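Student:
In my numbering, the protein residues as written are 16 to 1001.
(1) Give the secondary structure of residue 699 by DSSP, where H, G and I count as helix, E and B as strand, and everything else as coil.
(2) Let me know if residue 368 comes out buried or exposed under the rule of 16 or more other beta-carbons within 10 Å of its beta-carbon.
(3) At which residues does the alpha helix (DSSP H) containing residue 530 begin and terminate?
(4) Quick check on this structure: which residue in 264, 241, 244 and 269 has the alpha carbon closest to the alpha carbon of residue 234?
(5) To the nearest angstrom, how far is it from the Cα of residue 665 to the Cα of residue 643?
(6) Report the residue ranges of all beta strand (DSSP E) runs contained in full by the region 546-577; include only those spanning at least 3 residues, in chain order.
(7) Of all the beta strand (DSSP E) runs that stay within the bounds of the region 719-753, which reach a length of 3 or more residues?
(8) Mapping DSSP to helix, strand and coil, what is residue 53?
(9) Within 10 Å of its beta-carbon, does residue 649 have 16 or more other beta-carbons around it, so buried, or fewer, so exposed?
(10) List the endpoints of the continuous alpha helix (DSSP H) containing residue 776.
(11) Should residue 840 and residue 787 be called a contact, given that it needs their Cβ atoms to be closer than 9 Å?
(12) Please check the pair residue 512 and residue 552, which I expect to be a contact at CB under 8 Å, by giving their CB distance rounded to whole angstroms.
(13) To which residues does DSSP link residue 436 through a beta bridge?
(14) Within 10 Å of its beta-carbon, does residue 930 have 16 or more other beta-carbons around it, so buried, or fewer, so exposed?
(15) Between the region 701-710 and the region 665-677, can you find at least three pairs of beta-carbon atoms closer than 8 Å?
(16) Please go through the same chain and pick out, in chain order, the residues whose beta-carbon is closer than 7 Å to the beta-carbon of residue 1083, but skip the five residues on each side of it.
(17) As a quick exercise: from 837, 832, 997 and 850, pick the residue whose alpha carbon is nearest that of residue 903.
(18) Tell me where the alpha helix (DSSP H) around residue 513 begins and ends.
(19) Would you decide whether residue 831 is buried or exposed? Buried here means 16 or more other CB atoms lie within 10 Å of its CB.
(20) Which residues mark the beginning and the end of the alpha helix (DSSP H) in which residue 318 is found?
(21) In the DSSP assignment, the beta strand (DSSP E) including residue 231 goes from what residue to what residue?
(22) Count the other C-beta atoms from every protein chain shown that fall within 10 angstroms of the C-beta of residue 796, then say buried if there are 16 or more, exposed otherwise.
(23) For the putative contact between residue 300 and residue 321, defined by C-beta atoms under 8 Å, what is the C-beta separation to the nearest angstrom?
(24) Determine whether the Cβ of residue 297 lies closer than 9 Å to any Cβ atom of chain E.
(25) Could you tell me how far apart the beta carbons of residue 887 and residue 932 are, in whole angstroms, since I believe they sit closer than 8 Å?
(26) Check whether the region 127-138 touches the region 70-84, taking contact to mean three or more Cβ pairs, one atom from each stretch, closer than 8 Å.
(27) Output the distance between the C-alpha atoms of residue 229 and residue 441, rounded to the nearest integer angstrom.
(28) Could you give the residue range of the beta strand (DSSP E) that holds residue 303?
(29) Could you name each continuous beta strand (DSSP E) segment of 3 residues or more that falls completely within the region 100-142, going from the start of the chain to the end?
(30) Should the region 529-546 be called in touch with the region 593-613, which here means at least 3 C-beta pairs below 8 Å?
(31) Would you give the residue range spanned by the alpha helix (DSSP H) that residue 290 belongs to?
(32) Where does residue 797 fall in DSSP's three states?
(33) Taking 8 Å as the cut-off, is the CB of residue 279 close to at least one heavy atom of the ligand FAD?
(34) Classify residue 450 as buried or exposed, calling it buried when 16 or more other Cβ atoms lie within 10 Å of its own Cβ.
(35) Verify whether the separation of the beta carbon atoms of residue 353 and residue 445 is less than 9 Å.
(36) Measure the Cβ-Cβ separation of residue 397 and residue 389 and say whether it is below 9 Å.
The following block contains the structure:
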């Protein structure tokens, strides 16, 4: 069994025995023998210079002192010193060595006791770790005289320290208790023989003072019980004894203990509850011994039962009291200490350790923990207070304060310690008490004293009006500065808080009264405020007033001291600076406005110059296109007049080509303005770039290598495929222009999932996107060019070779489609332009409509089964004429109107309409979308086809049309319009 108490540990053997230490402690210091064979003589003459200890003259004082102590003692002792663990011992220890004496002197200890070293080494390691190790009745098999023998030992290992205070060895005080165990074994054998012959008699005799009972071998039957008044006696053997005497809840506990005793053939011992003779529940300590036959079989059990009810209740009350005490000390944040001066043992709880800056469970002693943890200035006083409390002539009360400096954390604390000393006769045996951290209180007191001293000195040294306001009698004391600074003679001043408040400017009075009482009536201590204070001549001074509230330990306000500083000159300077700042701000604002107007004029001039450049270029382009159209029409008229109709086709083709180029130019302008009317469809970007690859190759020329890389599993995006193709073609043309000596263009698709950070970086909403990137190996762009690349009219190409609208158009198309376009470029390496378009969740096969549009004549030839009425609304007579002609050519009935009100009149008159074809921009107060909404309110199944060359996004609803709506942009091919009509009215 191992018991640990504080830092000291006691290790007991398998049997407990009484102490065998000599009763007369003074014999430790009796004179040592002086004959020639004594250890003193041997140690004096031993050649220590040949050992790790070195010459004896060089031994440290601590070693010489310890050796002298051992040699002078009648107690068997040995000393183990140094890393080599050199072994020294005294005359009393020499017999323990047997034949190993005197050769053991100066040897390493592991060589002295090799057969038991494995058992001793762990104990020595603990002692070297600073622990005092006490061992009682330890069994060791030793070979001292050539033969192995059983021995038993009681000894104590204590750590030894060198002159520097470091642990360097072990001191052992040992007693050979082998004889005690030999005698005990002989007595036990004799007692066993006696018990065997007189078992019944011994059992009855041993239990005569308590209830006596007799049980069967298996405890199933109680054969006899003499209850001695507190238990009911048995009248006959009973098998219901457990039910009669033991509460139900304790049956299993009792039976488990019985089973263990039977199995071990060992005495039964248990403290348990029992039903007493008066019917109440009490407690008994039951002990029974087995009666064995010659073969060791149990014959029966004899036992006694002691009434321990009162003792048990006392233990419960004691445990409760201890628990309450522990809770109370925890609540009060108290640490507990227990000091045994006779042995030097010191016990601290973890709270006490924390106040000395030690971790929980740290080993403590009076010197290494208590004295070492005290502030140097308080160490002597605290030690004297301990000695005074332990003085039998004193009061025995320990009550002192001291400072600690944390041994491990270095924190300084103020501690209040209280305790009570206990004595046996005139000998102090114990000092027990509590410690409390009072650092906060002492710091507060020190701060208060510091403030009071500071205010006292300030009152003498400053020109400020220092005041002291006693709250108990509302008395205010001022220093002479009140007269010097503000002209109020002290003898004329009413010494009350009311006089001070009355001299505050009326506009400031209530504010100051509220602010100072908020501090006084609250829990604060510091008050500061600014206000105007009346001088004796009636003028007001600007003052800065500061005060400090002094409180009782309970927090009640006692008085307030402060100083009022005249800030009039400072405030005058501040007001002048504020006026200068305001005037300067006005001047800066005026200058800034003039500069802004100049910058606006410059920007307007630059804009007009750019617009002039654009309009000049557009006029040039449209003049060319109009010349081609008008010339073709004139030649068609001439050939018709000449009857040469066979030559008309080439002029018709030329005119249509000019119209398509004009349409492309207007689409570029609308894309630049982000007001083009898009026709978004689900698009597979892989298929689009693969289909476009051949056109791009022809466009950029043979000196440019074109590569397309499609991401497997590419997502679908909802965009206008024609505009996307134009954007990619424009990017490739720009890439070609950046590689005058040839190079490579790579068109690559990818799926992108942008989180919040990535989306913010690209100016997009978080989510899933399809990216289409065009990368070239050209000259690259500088950061300045990248920052302006999307600006309208900006171009790096020579004059006349670019309008600066290409990237602006792409930017407008991407943003209008819910995406973005980004530039990644490095000068001399190349450029990557990436389009980010939102993912669209639709089936891939719906992404394109690759059908070939049949000619108008082919569509008209297949319209025999078509029926329906179409309403055409357009303010342009030519366009309205063409649309009506196409619809009639397809076989539909047609109504027409030139504006929204005219269309509504037809609808309200009950005309049955199946398809509404309307321009978006209409005169008369209703646009095309409004006409469509009004028509749908009358005819919910009506289908709507918008035709427009310019449309606000709001008209078609964020670029998306309802399922019953479609859109055709101007200019449009007649075949395309006919197909769209046929698709909507099959």
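Beta carbons are placed, not taken as given, at the ideal position from N, Cα and C, and that holds for glycine. Keep in mind the model is a prediction, meaning the values are calculated, not measured.
Tutor: If we stick to the structure as given:
(1) strand
(2) buried
(3) 521-535
(4) 269
(5) 12 Å
(6) 555-566
(7) 719-724 and 731-734
(8) coil
(9) exposed
(10) 771-776
(11) no
(12) About 23 Å separates the two Cβ atoms, so there is no contact after all.
(13) 446
(14) buried
(15) no
(16) Since the first and last residues shown for the chain are 16 and 1001, residue 1083 lies out of range.
(17) 997
(18) 512-517
(19) buried
(20) Careful: residue 318 lies outside any alpha helix (DSSP H), inside the beta strand (DSSP E) at 313-322.
(21) 226-231
(22) buried
(23) 5 Å
(24) Considering every chain present, this structure includes no chain E. It has just one protein chain.
(25) 5 Å
(26) no
(27) 52 Å
(28) 296-307
(29) 101-104
(30) no
(31) First-last for residue 290: 283-290, but that is the beta strand (DSSP E), not the alpha helix (DSSP H).
(32) coil
(33) You won't find the ligand FAD in this model; it holds no ligand whatsoever.
(34) buried
(35) yes
(36) yes
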